[in-house]
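Data first, discussion second: the structure below is written as structure tokens.
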Amino acid sequence: MILPDLLWLCTAAYALHVVEEYQLNWRDWARAVIRLPVQWTDFYIVNVLAILLGIVAANIVRQPALALAYPALMLINATFFHVLPMLLTRGRYSPGVFTAVVLFYPLGIACFHRALSVGLVGWRGVSLAFVIGALLMASPVVLLKLKSKPYFRQT
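Here the sequence shown stands for residues 116 to 270, where the numbers follow the numbering used here.
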């Protein structure tokens with residue numbers, strides 16, 4: 116399968132992931148387990164952006180390190196927002212972990228394998244993709260934390 120097709124599948128997987136998180140109340144889990152002061156509106160906006168990023172990634176394969184930032188974001192999300200918290204809480208279910216394990220890991224790994232095997236990107240590009248993916252994953256969390264600080268309050 117070619118990389119653009121894999122990236123479209125990643126986008127579809129992300130949509131299924133959002134459904135799992137929403138239906139199983141990721142917001143309350145995030146508040147209780149990882150102490151993230153998230154509201155449903157934050158959840159909606161961030162996940163719409165995540166789907167848009169997937170669409171962009173599937174259309175910019177000529178810039179493979181940028182396109183691969185999307186599957187990197189998925190792998191980071193799966194690991195640090197689902198699997199690791201479940202391990203640290205001795206198995207407390209993290210809404211989204213099913214799609215993260217069943218879809219994010221195989222598709223994310225497949226994207227990097229494909230890009231490396233056909234020479235679209237080298238290890239430097241893979242590293243850059245993970246840096247960009249980490250920044251994309253961290254930005255909403257940082258903004259959530261900052262908005263409660265007095266300097267950033269708009270009241």
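Backbone N, C-alpha and C define an ideal beta-carbon position, used for all residues, glycine too. Every value quoted in this text rests on a predicted model; they were computed, and no experiment measured them.
If you check the beta carbons only, do residue i and residue j fall under 7 Å apart?
{"i": "Pro119", "j": "Val163", "result": "no"}
{"i": "Val133", "j": "Ala145", "result": "no"}
{"i": "His197", "j": "Val212", "result": "yes"}
{"i": "Val188", "j": "Met252", "result": "Strictly speaking, residue 188 in this sequence is Leu, with Val absent from that position. Yes. Within cutoff."}
{"i": "Ile247", "j": "Ala184", "result": "yes"}
{"i": "Leu199", "j": "Gly223", "result": "no"}
{"i": "Pro179", "j": "Val256", "result": "no"}
{"i": "Leu261", "j": "Phe267", "result": "yes"}
Can you tell me where the alpha helix (DSSP H) holding residue i begins and where it ends?
{"i": "Ser197", "result": "A quick correction: the sequence has His, not Ser, at residue 197. Per DSSP, His197 belongs to no alpha helix (DSSP H) and is neither H nor E."}
{"i": "Met252", "result": "Trp238 to Leu261"}
{"i": "Thr156", "result": "Trp155 to Asn174"}
{"i": "Pro119", "result": "Leu118 to Gln138"}
In whole angstroms, what separates the C-alpha of residue i from that of residue j?
{"i": "Ile160", "j": "Ala182", "result": "21 Å"}
{"i": "Arg205", "j": "Thr194", "result": "15 Å"}
{"i": "Ala225", "j": "Asn140", "result": "29 Å"}
{"i": "Pro186", "j": "Leu203", "result": "24 Å"}
{"i": "Leu168", "j": "Leu124", "result": "13 Å"}
{"i": "Ala147", "j": "Val233", "result": "44 Å"}
My understanding is that residue i touches residue j, with C-beta atoms under 8 Å, so please give their C-beta distance in whole angstroms.
{"i": "Ala130", "j": "Ile170", "result": "The Cβ separation is near 11 Å, so there is no contact."}
With distances taken Cα to Cα, identify the nearest neighbour of residue i among the options.
{"i": "Tyr220", "options": "Asn192, Leu243 and Leu261", "result": "Asn192"}
{"i": "Ala128", "options": "Pro210, Ala215 and Phe158", "result": "Ala215"}
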